[in-house]
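Chains as they are written, first to last, in our numbering: chain G, 1 to 452; chain L, 1001 to 1089.
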């Protein structure tokens, strides 16, 4: 009877509680495509991606139907394009078009890696790529971009931070149809990871192999319903145990799908990213987990403590379920992609400052936050710097995916549609950080980076 | 490959026979069946052997699910490994 109960539980998790594999992401190294002629380089990229990923979407679909678990998206991550742009010179947007074409040919949902790693300094190739991001995002559909501006080891590159504030603004202004959704495909990282399967921040790091399969799982709804089942009298440590057990089960499905995809595609298996990734569907929300633990609304007092416990328990449960854990691994708190977060932002319970505190204890950072269209570039840079400082000091990944809503004011709503959801324009403090941002230079690496 | 077919729907005579016939028509061998009626809801779980390759599985699963819909039954066909992965260490 235990077996029957297990079967029923699995079916319920998938059918009613939104358990799914968010993404099977194929990481592809493009280092062997570098060429001093940019057009040759783009041709090689297109050929390599369409060859390696030819069967990716088909295999994901087959696995999905065989195991009865939805694989929501197939994606590709590639070597940071700034490296190739440094070799070839020329207009980096050509690379974006080559990536976009390749992604469309193989049928994936997104391709990530229009990226530069500039935590310590920028090469001319890095800078050219960063300056081209707004155009690259506006002219393509599936390309995602990320820039790493700080690490615990190197400190924070404030010249890059200043530049990125301007780039985020420019990207929002250049988006076609005035929806500002280019910026939804642009992440600014501190301590970015090389094997992250989630967009928009996925890229295939230079220390990775030629080709690899990484998997990102999802399942906030499953965790929420498991907590609900425990009732109101369970202690916090009992709740943590429930989260651990649930995370184990979720991660095992990710491991299974990853191993199977790797076997069928003849590509080595990389990692499972143990993240709880919400979607705008009601019930598929990280905010609702925190509310199930016992908060009237996310953003109120107690939120950071609940999130810290959730994030830690997810990792503890997941780590034994997978042969190799990596990526960002933790709870995501993207505002516009999580109905509970959206509601709390509208009601005023959730402020950008509280979100910043939350990012100190969970994975990633200020994610999918819609800010007023007239927010100055310097303020965006300063928010990026604040978030990077949390990552740098705490030895963790943090990121900013801010959406300046051109033409909209505090309290208005911005609609993206699909998995990106919608979000209210959240207020930003008006005090200017301009002098600090204009200083440029670097914030030196913290003392605890000196471990040798 | 071994798979689990689960069937849920409002109870009425002939469900087991209907699903079993759909299986037989597709050369699916039933190895174990457990069923229960709870407050008018029929639930049944079959452990079966499905012939053929990965792509055959996809079409067989889709056909079984469609057969379920014709009778107002919710039928899922899933590879047994997903249950093993999730519930065993």
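For every residue, glycine included, the Cβ atom is placed at its ideal position computed from N, Cα and C.
Short CB-CB distance (under 8 Å) between residue 1042(L) and chain G: no
Beta-carbon contacts of residue 293(G) that lie in its chain and below 7 Å, excluding the five residues immediately before and after: Within the same chain, 227, 239, 306 come within 7 Å of residue 293(G) by CB-CB distance, once the 5 residues on both sides are set aside.
Assumed close pair residue 204(G), residue 78(G) - CB separation to whole angstroms, cut-off 8 Å: 5 Å
Start and end residues, beta strand (DSSP E) containing residue 110(G): 110-117
8 Å Cβ cutoff, residue 265(G) in contact with chain L: no
C-beta atoms of residue 1004(L) and residue 1086(L) nearer than 8 Å: no
Beta-carbon neighbours of residue 1078(L), restricted to chain G and to distances below 7 Å: 67, 68
Entirely enclosed beta strand (DSSP E) segments - the stretch 1003-1060 of chain L, minimum 3 residues: Listed in chain order, the complete beta strand (DSSP E) runs (minimum 3 residues) inside the stretch 1003-1060 of chain L are 1029-1038, 1041-1049.
Cβ pair count under 8 Å reaching 3, the stretch 148-164 of chain G against the stretch 378-387 of chain G: They touch, by the three-pair rule.
Endpoints, the beta strand (DSSP E) within which residue 396(G) is located: Careful: residue 396(G) lies outside any beta strand (DSSP E) and carries neither H nor E.
For residue 1074(L), the residue or residues it bridges with in DSSP: 1008(L)
Residue interval of the beta strand (DSSP E) (run including residue 218(G)): 211-218
Alpha-carbon to alpha-carbon, residue 345(G) and residue 96(G): 34 Å
Whole-angstrom distance between residue 326(G) and residue 195(G), CA atom to CA atom: Residue 195(G) and residue 326(G): Cα-Cα distance of roughly 7 Å.
Residue 72(G) beta carbon less than 8 Å from that of residue 139(G): no
Within 7 Å of chain L by C-beta, residues of the stretch 23-34 of chain G in sequence order: Result list empty, no residue passes.
Residue 422(G) versus residue 341(G): straight-line alpha-carbon distance, rounded: 11 Å
Partners in chain L for residue 214(G), counting only beta-carbon separations shorter than 7 Å: Within 7 Å Cβ-Cβ: nothing; residue 214(G) doesn't reach chain L, min ~18 Å.
Chain-ordered neighbours of residue 56(G) on chain L, where CB pairs are closer than 8 Å: Per Cβ cutoff of 8 Å: no residues; residue 56(G) is ~15 Å from chain L at best.
Three-state class that DSSP yields for residue 260(G) in the structure shown: helix
Distance CB(residue 298(G))-CB(residue 371(G)) smaller than 8 Å: no
Chain G contacts from the stretch 1042-1060 of chain L (Cβ-Cβ distance under 7 Å): 1045, 1054, 1055, 1057, 1058
Straight-line Cα distance separating residue 279(G) from residue 22(G): 10 Å
Test item: CB-CB of residue 153(G) and residue 331(G) under 8 Å: At least 8 Å separates the beta-carbon of residue 153(G) from that of residue 331(G).
Any C-beta of chain G under 8 Å from that of residue 1017(L): no
N- and C-terminal bounds of the beta strand (DSSP E) containing residue 422(G): 422-424
Whole runs of the alpha helix (DSSP H) within the stretch 70-144 of chain G, excluding any shorter than 4 residues: Those alpha helix (DSSP H) runs which fall completely within the stretch 70-144 of chain G and span 4+ residues are 81-88, 93-106, 124-139.
From 246(G), 285(G), 309(G), 193(G), residue whose alpha carbon lies closest to that of residue 235(G): 309(G)
Separation of residue 413(G) from residue 337(G), as counted between CA atoms: 13 Å
Where the stretch 211-245 of chain G meets chain L: residues whose CB sits under 7 Å from a CB there: none
7 Å Cβ cut-off: residues of chain L touching residue 10(G): 1082, 1083, 1086
Own chain, CB closer than 6 Å to residue 1034(L), minus 5 neighbours either side, in chain order: Taken in chain order, the residues that qualify are 1045.
Beta-ladder partner(s) of residue 157(G), from DSSP: Residue pairing by DSSP places residue 157(G) opposite 442(G) in a beta bridge.
Chain G contact residues for residue 1004(L), given Cβ-Cβ distances below 7 Å: 7
8 Å Cβ cutoff met for residue 328(G) and residue 397(G): yes
Given residue 215(G) as reference, the closest of 60(G), 387(G), 401(G) once Cα atoms are compared: 60(G)
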